[in-house]
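Numbering (this note's numbering), first residue to last: -13 to 110.
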(Lines of atoms letter the chains of each structure in order from A and count residues from 1; the text may use other names and numbers.)
(Lines give C-alpha, C1' and ligand atoms only; values in the text may rest on other atoms or scores of the structure.)
Protein backbone atom coordinates (compact mmCIF):
# COMPACT_ATOMS: atom_id res chain seq x y z
CA UNK A 1 0.00 0.00 0.00
CA UNK A 2 1.48 3.38 -0.99
CA UNK A 3 2.20 5.79 1.83
CA UNK A 4 -0.17 8.74 1.86
CA UNK A 5 0.40 12.15 3.43
CA UNK A 6 -2.00 11.12 6.23
CA UNK A 7 -0.05 7.89 6.93
CA UNK A 8 3.20 9.86 7.01
CA UNK A 9 1.69 12.37 9.45
CA UNK A 10 0.45 9.57 11.75
CA UNK A 11 3.85 7.83 11.61
CA UNK A 12 5.72 11.08 12.30
CA UNK A 13 3.38 11.89 15.20
CA UNK A 14 3.88 8.43 16.71
CA UNK A 15 7.66 8.67 16.37
CA UNK A 16 7.59 12.06 18.11
CA UNK A 17 5.51 10.61 20.96
CA UNK A 18 7.87 7.62 21.34
CA UNK A 19 10.84 9.99 21.40
CA UNK A 20 9.22 12.21 24.03
CA UNK A 21 8.23 9.25 26.22
CA UNK A 22 11.66 7.60 26.13
CA UNK A 23 14.12 10.47 25.66
CA UNK A 24 15.44 10.47 29.23
CA UNK A 25 16.30 6.78 29.25
CA UNK A 26 19.15 4.58 28.00
CA UNK A 27 19.87 0.86 27.92
CA UNK A 28 17.48 -1.41 29.81
CA UNK A 29 15.54 1.56 31.17
CA UNK A 30 14.89 2.73 27.58
CA UNK A 31 13.56 -0.69 26.56
CA UNK A 32 11.33 -0.84 29.64
CA UNK A 33 9.88 2.60 28.91
CA UNK A 34 9.37 1.64 25.27
CA UNK A 35 7.39 -1.51 26.16
CA UNK A 36 5.34 0.45 28.70
CA UNK A 37 4.63 3.08 26.03
CA UNK A 38 3.50 0.37 23.61
CA UNK A 39 0.96 -1.03 26.10
CA UNK A 40 -0.48 2.39 26.91
CA UNK A 41 -0.50 3.76 23.36
CA UNK A 42 -1.90 0.69 21.64
CA UNK A 43 -4.19 -0.27 24.50
CA UNK A 44 -2.72 -3.76 24.76
CA UNK A 45 -2.11 -5.79 27.88
CA UNK A 46 1.31 -7.25 27.10
CA UNK A 47 4.37 -5.98 25.28
CA UNK A 48 7.76 -7.61 25.19
CA UNK A 49 11.12 -7.23 23.55
CA UNK A 50 13.23 -10.34 23.28
CA UNK A 51 16.57 -11.51 21.94
CA UNK A 52 18.11 -14.84 20.94
CA UNK A 53 19.17 -16.83 23.98
CA UNK A 54 21.35 -19.42 22.27
CA UNK A 55 23.59 -19.73 19.22
CA UNK A 56 21.29 -22.16 17.41
CA UNK A 57 18.44 -19.60 17.69
CA UNK A 58 15.97 -22.06 19.19
CA UNK A 59 15.36 -20.08 22.40
CA UNK A 60 14.65 -16.45 23.19
CA UNK A 61 14.68 -14.43 26.37
CA UNK A 62 12.82 -11.26 27.08
CA UNK A 63 14.87 -8.17 27.82
CA UNK A 64 11.77 -6.13 28.61
CA UNK A 65 8.38 -7.60 29.43
CA UNK A 66 5.38 -5.68 30.75
CA UNK A 67 1.77 -6.43 31.68
CA UNK A 68 -0.52 -3.37 31.62
CA UNK A 69 2.58 -1.18 31.78
CA UNK A 70 4.02 -2.95 34.84
CA UNK A 71 7.41 -4.66 34.46
CA UNK A 72 7.43 -8.46 34.76
CA UNK A 73 10.34 -10.76 35.46
CA UNK A 74 12.12 -11.61 32.22
CA UNK A 75 11.63 -15.13 30.90
CA UNK A 76 13.36 -17.53 28.53
CA UNK A 77 11.44 -19.92 26.30
CA UNK A 78 11.68 -22.27 23.31
CA UNK A 79 10.77 -20.74 19.96
CA UNK A 80 9.23 -23.87 18.45
CA UNK A 81 5.49 -23.54 18.05
CA UNK A 82 5.29 -19.85 18.99
CA UNK A 83 4.65 -16.74 16.87
CA UNK A 84 8.20 -15.66 17.74
CA UNK A 85 9.48 -18.54 15.60
CA UNK A 86 7.96 -16.84 12.55
CA UNK A 87 9.43 -13.48 13.52
CA UNK A 88 12.90 -14.97 14.00
CA UNK A 89 12.77 -15.81 10.30
CA UNK A 90 12.48 -12.07 9.61
CA UNK A 91 8.73 -11.94 8.95
CA UNK A 92 6.10 -9.70 10.53
CA UNK A 93 3.25 -11.65 12.10
CA UNK A 94 -0.20 -10.19 12.72
CA UNK A 95 -3.45 -12.02 13.37
CA UNK A 96 -6.51 -9.92 14.18
CA UNK A 97 -8.59 -12.79 15.60
CA UNK A 98 -8.28 -16.36 16.88
CA UNK A 99 -4.49 -16.42 16.76
CA UNK A 100 -4.18 -18.85 19.63
CA UNK A 101 -5.70 -21.64 17.52
CA UNK A 102 -2.49 -21.70 15.50
CA UNK A 103 -0.29 -22.23 18.56
CA UNK A 104 -1.54 -25.08 20.70
CA UNK A 105 1.84 -26.21 22.07
CA UNK A 106 2.28 -25.75 25.79
CA UNK A 107 4.38 -22.67 26.32
CA UNK A 108 5.43 -20.28 29.03
CA UNK A 109 3.45 -17.73 26.99
CA UNK A 110 0.13 -19.62 27.22
CA UNK A 111 -1.36 -16.90 29.41
CA UNK A 112 -1.15 -14.60 26.36
CA UNK A 113 -3.19 -16.98 24.21
CA UNK A 114 -6.43 -15.90 25.89
CA UNK A 115 -6.38 -12.65 23.92
CA UNK A 116 -8.08 -12.31 20.53
CA UNK A 117 -5.23 -10.82 18.50
CA UNK A 118 -1.46 -10.43 18.31
CA UNK A 119 1.23 -8.59 16.40
CA UNK A 120 4.93 -9.50 16.26
CA UNK A 121 7.60 -7.54 14.45
CA UNK A 122 11.29 -8.31 13.95
CA UNK A 123 13.79 -5.54 14.65
CA UNK A 124 15.27 -4.68 11.29
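The C-beta atom is built at its ideal place from N, Cα and C for all residues, glycine as well.
Look at residue i and residue j and say whether their C-beta atoms are less than 8 Å apart.
i	j	result
residue 16	residue 8	yes
residue 62	residue 47	yes
residue 32	residue 53	yes
residue 34	residue 51	yes
residue 107	residue 81	no
residue 67	residue 25	no
When burial is assigned at 16 or more other CB atoms within 10 Å of the CB, is residue i buried or exposed?
i	result
residue -4	exposed
residue 65	buried
residue 69	buried
residue 21	buried
May I ask you to list the residues that DSSP assigns as paired with residue i?
i	result
residue 36	48
residue 63	46
residue 41	Note: residue 41 sits in no beta bridge, so no partner.
residue 71	None; residue 71 has no bridge partner.
What residue range does the beta strand (DSSP E) around residue i cover?
i	result
residue 4	Unbroken run through residue 4 is the alpha helix (DSSP H), -9 to 8; no beta strand (DSSP E).
What is the residue span of the alpha helix (DSSP H) that residue i lies within?
i	result
residue 20	13 to 28
On the three-pair Cβ rule with 8 Å, is the stretch 33 to 46 touching the stretch -3 to 6?
-> With the cut-off at 8 Å, the stretch 33 to 46 and the stretch -3 to 6 do not touch.
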